[in-house]
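Number of protein chains: 6
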Amino acid sequence: MSSTPTDGGRRERFDRGMETLGRVDGEAGRRVIDALGDVSPELAHQIVAWGFGEIYSRPALPPRDRQLVTLGILTSLGGCEAQLDVHINAALNVGLTPEEIVEALLHAAGYCGFPRALNATFVAKKVFGERGLLPVRQE
Amino acid sequence: MSSTPTDGGRRERFDRGMETLGRVDGEAGRRVIDALGDVSPELAHQIVAWGFGEIYSRPALPPRDRQLVTLGILTSLGGCEAQLDVHINAALNVGLTPEEIVEALLHAAGYCGFPRALNATFVAKKVFGERGLLPVRQE
Amino acid sequence: MSSTPTDGGRRERFDRGMETLGRVDGEAGRRVIDALGDVSPELAHQIVAWGFGEIYSRPALPPRDRQLVTLGILTSLGGCEAQLDVHINAALNVGLTPEEIVEALLHAAGYCGFPRALNATFVAKKVFGERGLLPVRQE
Amino acid sequence: MSSTPTDGGRRERFDRGMETLGRVDGEAGRRVIDALGDVSPELAHQIVAWGFGEIYSRPALPPRDRQLVTLGILTSLGGCEAQLDVHINAALNVGLTPEEIVEALLHAAGYCGFPRALNATFVAKKVFGERGLLPVRQE
Amino acid sequence: MSSTPTDGGRRERFDRGMETLGRVDGEAGRRVIDALGDVSPELAHQIVAWGFGEIYSRPALPPRDRQLVTLGILTSLGGCEAQLDVHINAALNVGLTPEEIVEALLHAAGYCGFPRALNATFVAKKVFGERGLLPVRQE
Amino acid sequence: MSSTPTDGGRRERFDRGMETLGRVDGEAGRRVIDALGDVSPELAHQIVAWGFGEIYSRPALPPRDRQLVTLGILTSLGGCEAQLDVHINAALNVGLTPEEIVEALLHAAGYCGFPRALNATFVAKKVFGERGLLPVRQE
Chain C
14 MSSTPTDGGR RERFDRGMET LGRVDGEAGR RVIDALGDVS PELAHQIVAW GFGEIYSRPA
74 LPPRDRQLVT LGILTSLGGC EAQLDVHINA ALNVGLTPEE IVEALLHAAG YCGFPRALNA
134 TFVAKKVFGE RGLLPVRQE
Chain S
14 MSSTPTDGGR RERFDRGMET LGRVDGEAGR RVIDALGDVS PELAHQIVAW GFGEIYSRPA
74 LPPRDRQLVT LGILTSLGGC EAQLDVHINA ALNVGLTPEE IVEALLHAAG YCGFPRALNA
134 TFVAKKVFGE RGLLPVRQE
Chain L
14 MSSTPTDGGR RERFDRGMET LGRVDGEAGR RVIDALGDVS PELAHQIVAW GFGEIYSRPA
74 LPPRDRQLVT LGILTSLGGC EAQLDVHINA ALNVGLTPEE IVEALLHAAG YCGFPRALNA
134 TFVAKKVFGE RGLLPVRQE
Chain F
14 MSSTPTDGGR RERFDRGMET LGRVDGEAGR RVIDALGDVS PELAHQIVAW GFGEIYSRPA
74 LPPRDRQLVT LGILTSLGGC EAQLDVHINA ALNVGLTPEE IVEALLHAAG YCGFPRALNA
134 TFVAKKVFGE RGLLPVRQE
Chain D
14 MSSTPTDGGR RERFDRGMET LGRVDGEAGR RVIDALGDVS PELAHQIVAW GFGEIYSRPA
74 LPPRDRQLVT LGILTSLGGC EAQLDVHINA ALNVGLTPEE IVEALLHAAG YCGFPRALNA
134 TFVAKKVFGE RGLLPVRQE
Chain G
14 MSSTPTDGGR RERFDRGMET LGRVDGEAGR RVIDALGDVS PELAHQIVAW GFGEIYSRPA
74 LPPRDRQLVT LGILTSLGGC EAQLDVHINA ALNVGLTPEE IVEALLHAAG YCGFPRALNA
134 TFVAKKVFGE RGLLPVRQE
């Protein structure tokens, strides 16, 4: 019996994770998982079963809040343009607006510097372009 | 006349920044600014006038959202325990609960690893202890 | 029935993780877990149940090899002196000699620079001192 | 009346910044600003008005010195190849020679490791090639 | 007479380094050295003469162990995909199996996060593909 | 006969390095080297013989320029407060003024964010205090 939202065996956690992954990251997330199939299926399993099945599934922080934290991390880490692509899509999927996303990246500049904020903003430009969301209106 | 919220000369931006700084970071933020007085008053000025007077004052992202982004950045940068202390206090000041803060740091673990998440969580423990907020209840 | 070494429900994974944690990190690891109890018990749970119960328990890489990878990561991340303390102890526990550990940190200097290698080496000095392993003999 | 070099309203700081940006970063800098126009015009504004209008305009450190600091930062941050491209051009624009630039990157290797120094040096090779400055003579 | 394995003048260290470089990094390492010839021959010299002639040549840690440390560092640094390409090849050259390499990168995920582990794993996929080593079998 | 400034055997490079180290880093540098004696004498040797005997001794960049690059790197790396202590002393030793040093750190804020600039500035405050150089005058 599962007494917490993250209980369950290996297979249950994976299935719960795939459902959350699909809702948050959509097609882009599934492509990453598929691409791992012939090189590191266990990494794919853990991203889904642990990252999405255990962590993302916890109700203590709603999906929109999780993406704000994630945008901050991926922007400041640097070299995570591929993951920013997935998560800027995810941010839009869970209700953040383009205006809020670029504001979050502007805000990040003060904490991790303009180069990292620029790199993330150009990924946002690419994602917004693909989804017909350009130009972004800022006051 | 200020046509945007971040217009104004050097002094106006500083005054607006001090007001925002006080509201967000409280006493801890002012102590950092004071400590800079004899070594780099211009760095102190820019943190206040630019960071808080221009960026934090923008309405495009509410204070609670800014702290979620900031927690993500400071956790993943590493070596920013002093700033995490200020901003975990700030996070509480703008309405994030201890439960949400530790969940944000748990969420961060998947993106920047357990060591950084642990360091940030132990800063949170210190701040929560000082404010009488321990133990944190998690389901 | 567990068909893979990392299957099992929430409790089983935690128990398996505690056993591995004790074997690898010893007392130092348990102290970290205990210290999380009143601030983020779920972070404690995941470090044990996932990090040790799922990842460390996999037979695909022996414990000594895992610590070599970990020393490389913690040295280059920076700001992880607390974790280096635990893992330099762990490295000794799983069979790496002091000579091999300092050689790994010297090797790291070329990849992440002398400052990070120095910080890690001074943690090693502290751990070796506590365990009566100084001076380290290098040819 | 501006009593310090960085006073002035939003528009004045932007204009002063554009002048400095043009002198330091030249065409490459302006292209970055233009590319931000439809996604984050405020980020573009702040890079110009704050970064160049306030910080770069201060007389306390000459432009050549600022590029030495900047080369150190961008090399060690990693993942900033686009910004290194702009700033290696800037370094040449403000009087650093190719020999000095590659020496700075060699010097950086000891502090942030060979991989970051290599990545920066290959950006320098690209920039030098575009400006007809290859081969670089070193004793 | 050399009383330590890393003694010798500038030329001797370079020659010893080229021999070690060839054995560890193979053709990929030599291509990096050649590419530096017209921009920073001294950086090329130091990578060979110091990195390989002095550090890699020391017997205190066998080549396989050095690559485990190196994989940990390059994965966690981020933005070192070019160097990971060389060193995943090197890891194979000195006896690590594809299964061990992807396990090391999965292990890294807990210490530096999934994004860095993913980036490194996709470099591994490229290298394994070039050497006819896909698919990797994991239990 | 040494045809380049960095030629010579193991012992000559070490002696040349100790001379340069003393001139640049002074007593603080020597204390670091001494502290390594019982844990990693080879790391001590390489910092001196390679870092100072080979790299710092090259005439292609004067000592003041090397410290500007180094300040940029150590500020942006983070977690290098001990090394910043040594190198802010070194920066003063080779002719940078306190005003130039704090300006370099203010400049760094735009590239690596305020938290890292703050940490470095507080190390500068400590060093300046020890050398009777407070308060720093900035216009």
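Protein chains in written order, with our numbering: chain C, 14 to 152; chain S, 14 to 152; chain L, 14 to 152; chain F, 14 to 152; chain D, 14 to 152; chain G, 14 to 152. Cβ atoms here follow ideal geometry from the backbone N, Cα and C, with glycine treated the same way. Treat the numbers as computed from the prediction; the structure is a model and nothing was measured.
Give the range of the alpha helix (DSSP H) segment to which Ser89(C) is assigned.
Pro76 to Leu90
How about Gly64(G) and Arg29(G): are their beta carbons less than 8 Å apart?
no
For Thr33(G), which three-state DSSP category applies?
helix
Tell me the rounded alpha-carbon separation between His120(G) and Val82(D).
34 Å
When you compare only the Cα positions, how much space is there between Arg36(C) and Pro148(S)?
33 Å
For Leu97(S) versus Ala133(S), is the C-beta spacing smaller than 8 Å?
yes
Quick one: is Val107(F) near chain G, going by C-beta distance under 8 Å?
no
Between which two residues does the alpha helix (DSSP H) harbouring Tyr124(G) extend?
Pro111 to Cys125
Reference Phe141(C); option with closest CA among Ile86(C), His100(C), Asp47(C) and Arg26(C):
His100(C)
Compare the C-beta of Gln96(L) against all C-beta atoms of chain S and say whether one is closer than 8 Å.
yes
Which residues, in order along the stretch 63 to 78 of chain G, keep a beta-carbon less than 7 Å from a beta-carbon of chain C?
none
Note down, in chain order, every chain G residue with its Cβ under 7 Å from the Cβ of Pro54(L).
Here the premise fails: no neighbours, minimum Cβ distance about 28 Å.
Can you tell me whether Asp78(D) is buried or exposed? The criterion is at least 16 other CB atoms within 10 Å of its CB, across all chains shown.
buried
How many angstroms separate the CA atom of Met14(D) from the CA atom of Leu84(D)?
Its pLDDT being 30, under 50, Met14(D) is placed unreliably by the model, and the measurement read from it follows with that caveat. Each residue's alpha carbon lies about 35 Å from the other.
8 Å is my cut-off, CB to CB: does Met14(G) come that close to chain C?
Low per-residue confidence applies at Met14(G): pLDDT is 30, beneath 50, and the placement is therefore not dependable enough to give any value.
Which residues of chain L have a Cβ atom closer than 7 Å to the Cβ of Gly91(G), listed in chain order?
Gly91 and Gly92
For Val107(C), which of Thr33(C), Glu143(C) and Ala122(C) has the nearest alpha-carbon?
Thr33(C)
Residue environment, Arg144(F), which counts as buried when at least 16 other CB atoms sit within 10 Å
exposed
So which of Ala41(F), Gly42(F), Gly123(F) and Val45(F) has the shortest CA-CA distance to Leu90(G)?
Gly123(F)
Contact with chain F by Gly42(L), beta-carbon distance below 8 Å
no
Between Gln59(S), Ser53(S), Arg44(S) and Glu25(S), which lies nearest to Val136(G) when the distance is taken from Cα to Cα?
Ser53(S)
Which value, in whole angstroms, describes the spacing of the CA atoms of Glu113(D) and Ile86(C)?
29 Å
Does any C-beta atom of chain G lie closer than 8 Å to the C-beta of Phe135(C)?
no
Anything in chain F within Cβ reach of Leu84(G), meaning under 8 Å, just list it in chain order.
Val82 and Gly85
In whole angstroms, what is the alpha-carbon distance linking Gly39(F) and Ala103(F)?
7 Å
Measuring only between beta-carbons, confirm whether His120(F) sits less than 8 Å from chain G.
yes
Which residues in the same chain as Ala62(F) place their Cβ atom closer than 6 Å to its Cβ, once the five residues preceding and following it in sequence are excluded?
Arg26, Phe27 and Gly30
Cross-chain neighbours of Ala130(L) in chain G, by beta carbon under 7 Å:
Leu56
Are the C-beta atoms of Gly123(D) and some chain L residue less than 8 Å apart?
yes
Is the beta carbon of Val115(L) less than 8 Å from the beta carbon of Leu131(S)?
no
From what residue to what residue does the alpha helix (DSSP H) around Ile101(S) run?
Glu94 to Asn106
Find the residues of chain G that neighbour Val99(L), judging by a C-beta separation of less than 9 Å, and give them in chain order.
Per Cβ cutoff of 9 Å: no residues; Val99(L) is ~17 Å from chain G at best.
Please state the DSSP three-state secondary structure of Leu146(S).
coil
Here's a check: name, in chain order, each residue in its chain whose Cβ is nearer than 6 Å to the Cβ of Leu146(C), leaving out the five neighbours to either side.
Pro111
I want to verify the contact list: residues of chain F whose CB lies under 8 Å from the CB of Val45(D), in sequence order.
Leu131
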